[in-house]
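Quick notes on the structure that follows.
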Amino acid sequence: MASYWACLLLLVAVASAVPLQTPQQSPQQTPQKTSLETPQPHEQAITQAIDFYNQGPTVTYAFRLLFAAPPPQVAQDQAANPLQQLNFTIMETTCLASAYPVVEQCAFKENGLVRDCSGHFSNQEACPVVAITCDVAPPRVSFPTR
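Under mature numbering (1 follows the signal peptide of the UniProt record, and there is no 0), read the sequence shown as residues -17 to -1, 1 to 129, first letter to last.
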């Protein structure tokens, strides 16, 4: 239980250190992967990280998954290194975070804030999400089509 609180405290510290800046251009919206299967540990860790991020004191509008990098290939012996890499991008939605919305039902906010998040998680029950940082995403350059 103590390790759970230590992880929670670490995540609160990391989430509260995220600067508030807006990107110069909104990104192209990438469709999310939908699955009727039971979520994999990688997907569960991302969902938990986003839920936690949305509870941060500086978050006004809830964020939703925009893009997630596929999970890395898992080594045969996870006991040697139980940590796995997470890389995903979240974008601000039109739903207020204080309302605790089901973010999958919220529309992305036009010109909403975008964050690139990375970190590690463990499948160990005591501390499934170890550390996640979310930084302002660089503006995505879009070239005009002729």
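In this text, a Cβ means the ideal position worked out from N, Cα and C, and glycines have one as well.
Contact check, residue i vs residue j, beta carbons under 8 Å
i: Lys92; j: Tyr44; result: yes
i: His25; j: Gln67; result: yes
i: Ser105; j: Pro65; result: yes
Which residues DSSP lists as bridging residue i, in chain order
i: Val85; result: Val85 pairs with nothing; no bridge assigned.
i: Cys100; result: Phe71 and Cys117
i: residue 152; result: A query on residue 152 cannot be resolved here, the shown segment of the chain reaching from -17 to 129 and no further.
i: Leu49; result: BP columns for Leu49 are empty, so no partner.
i: Phe91; result: Thr76
Residue i to residue j span [Cα, whole Å]
i: Glu75; j: Leu96; result: 5 Å
i: Ala120; j: Cys89; result: 20 Å
i: Pro54; j: Glu87; result: 21 Å
i: Asp118; j: Phe71; result: 11 Å
i: Pro84; j: Gln38; result: 11 Å
i: Gln31; j: Gln23; result: 12 Å
Reference residue i, options the options, closest by Cα
i: Asp99; options: Leu79, Ala90, Cys78 and Pro122; result: Pro122
i: Ile29; options: Ile73, Gln38 and Val119; result: Ile73
i: Ala82; options: Pro65, Gln27, Gln23 and Phe46; result: Phe46
i: Asn94; options: Gln27, Thr77, Val42 and Gln31; result: Thr77
i: Gln27; options: Ala80, Ala51 and Pro84; result: Ala51
i: Thr41; options: Leu49, His103 and Leu79; result: Leu79
CB-CB length for residue i against residue j, believed under 8 Å
i: Ile33; j: Leu69; result: Rounded, the Cβ-Cβ distance is 11 Å, inconsistent with contact.
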